[in-house]
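Using our numbering, the letters of the sequence shown correspond one by one to residues 1 to 226.
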Amino acid sequence: MTSDVLVFDMDGTLYYSEDFIDTYINNLTVVESKRAEMLEDYKQIAEQFSMPDQKELLYKEKALGDVWQILFYIADKYNISEEDNHQAFLKTREKMINNQEISINFELINTIKNLKLPKVLMTNSPEVSATPFIDYLNLNGDFDMYIFDAKKPVELRNHIEEIAKKFPGHNIIKIGDNYHNDIQASVDSGIDSIHINHFNQQTVHNITVYNLDQLNDYLVEKYMEV
1 MTSDVLVFDM DGTLYYSEDF IDTYINNLTV VESKRAEMLE DYKQIAEQFS
51 MPDQKELLYK EKALGDVWQI LFYIADKYNI SEEDNHQAFL KTREKMINNQ
101 EISINFELIN TIKNLKLPKV LMTNSPEVSA TPFIDYLNLN GDFDMYIFDA
151 KKPVELRNHI EEIAKKFPGH NIIKIGDNYH NDIQASVDSG IDSIHINHFN
201 QQTVHNITVY NLDQLNDYLV EKYMEV
């Protein structure tokens, strides 16, 4: 029987939060009027993606698969430099950890820790930013392979090849909330995936859950219940 190897995204998959949005926007600019415009832009896009009949997560033909991708799009729209955007990102992430602003889904974390099959963490976040989140979630050492600064979706196929070499004969399953980076890219790479749709109740992939509680239930039922 072929065993699975589960490849987890981090943000939106190991935890989910929208509480950092104001902080990130405030770190992008000190101009209050621009902050207000940015926040309004975010709300407009999020509301569009939350419509019950919304299937494609596209805004003005731009693929925006999760909260961070929407925020990066807004930063680019307002001509925030790449370096200023990166610094705002790091400051926001630091505050999220230092102020303990992330709600932990302890049942999901416990399930991940107790899964008796290979596990990989693959995130677009750089290691310096991702490691504090892994520690905060008490998942340090619980993955068999870590891939930081993954540059999904462009580099996903190459990472899948690396995983296949490390775990030969395994069926690779990608788990993530960003439809474009995690799910469509997985389909294009020829592997299975589980989509976490935080935006609405549309089933845009054959295996879709709508929150982390449902992800936990799916993992328990498929991999832990006898």
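Beta carbons: idealized from backbone N, C-alpha and C, even for Gly.
Q: Tell me where the alpha helix (DSSP H) around LEU219 begins and ends.
A: 212-219
**Q.** Rounded C-alpha distance that separates ASP188 from ASP182
**A.** 10 Å
Q: Answer with buried or exposed for ASP177, where buried requires no fewer than 16 other C-beta atoms within 10 angstroms of its C-beta.
A: buried
Q.
Give the list of continuous beta strand (DSSP E) stretches no shorter than 3 residues that lie fully inside the region 86-141.
A. 119-122
(Q) If you follow the beta strand (DSSP E) that ASN27 is in, where does it begin and where does it stop? (A) No beta strand (DSSP E) contains ASN27, which is instead part of the alpha helix (DSSP H) from 21-28.
Q) For ILE147, which residues does DSSP report across the bridge? A) MET122
Q) Looking at C-alpha atoms only, which residue of VAL209, PRO132, GLU61 is the closest neighbour of LYS91? A) PRO132
Q. What residues are listed by DSSP as bridge partners for PHE8?
A. LEU121, ILE175
Q) Taking the alpha carbon of ASN228 as the point to measure from, which residue in ALA75, ILE194, SER125, ASN98 has its own alpha carbon closest? A) What the structure shows of the chain is the stretch from 1 to 226, and residue 228 is not part of that stretch, so it cannot be assessed.
Q: Can you say whether LYS230 is buried or exposed, counting buried as having 16 or more other CB atoms within 10 angstroms of its CB?
A: Outside the shown range of the chain (1 to 226) lies residue 230, about which nothing can therefore be said.
Q: Have a look at PHE72 and ILE109 and give me their C-alpha separation to the nearest angstrom.
A: 28 Å
Q: Work out the CA separation of THR123 and LEU219 for me, nearest whole Å.
A: Pairing LEU219 with THR123, the inter-Cα distance amounts to about 20 Å.
Q: Go ahead and pull the three-state DSSP assignment for ILE207.
A: coil
Q: Tell me whether ILE160 sits in a helix, a strand or coil according to DSSP, three-state version.
A: helix
Q: Kindly indicate which residue of GLU127, SER3, ASP66, THR23 has the alpha-carbon position closest to the one of TYR15.
A: ASP66
Q) Is it buried or exposed for PRO168, if we count other Cβ within 10 angstroms and need 16 for buried? A) exposed
Q | Collapsed DSSP secondary structure at ASP76 in the structure displayed | A | helix
**Q.** Which of helix, strand or coil DSSP assigns to TYR15
**A.** strand
Q: Have a look at VAL128 and ARG35 and give me their C-alpha separation to the nearest angstrom.
A: 27 Å
Q. Are the beta-carbon atoms belonging to GLU107 and ASN211 less than 8 Å from one another?
A. Going by C-beta atoms, GLU107 is not nearer than 8 Å to ASN211.
Q: Taking 8 Å as the cut-off, decide whether the C-beta atoms of PRO153 and HIS180 are in contact.
A: yes
Q) What three-state label does DSSP hand SER81 in the structure shown? A) coil
Q) Mind checking whether HIS170 and ASP9 have CB atoms under 8 Å apart? A) no
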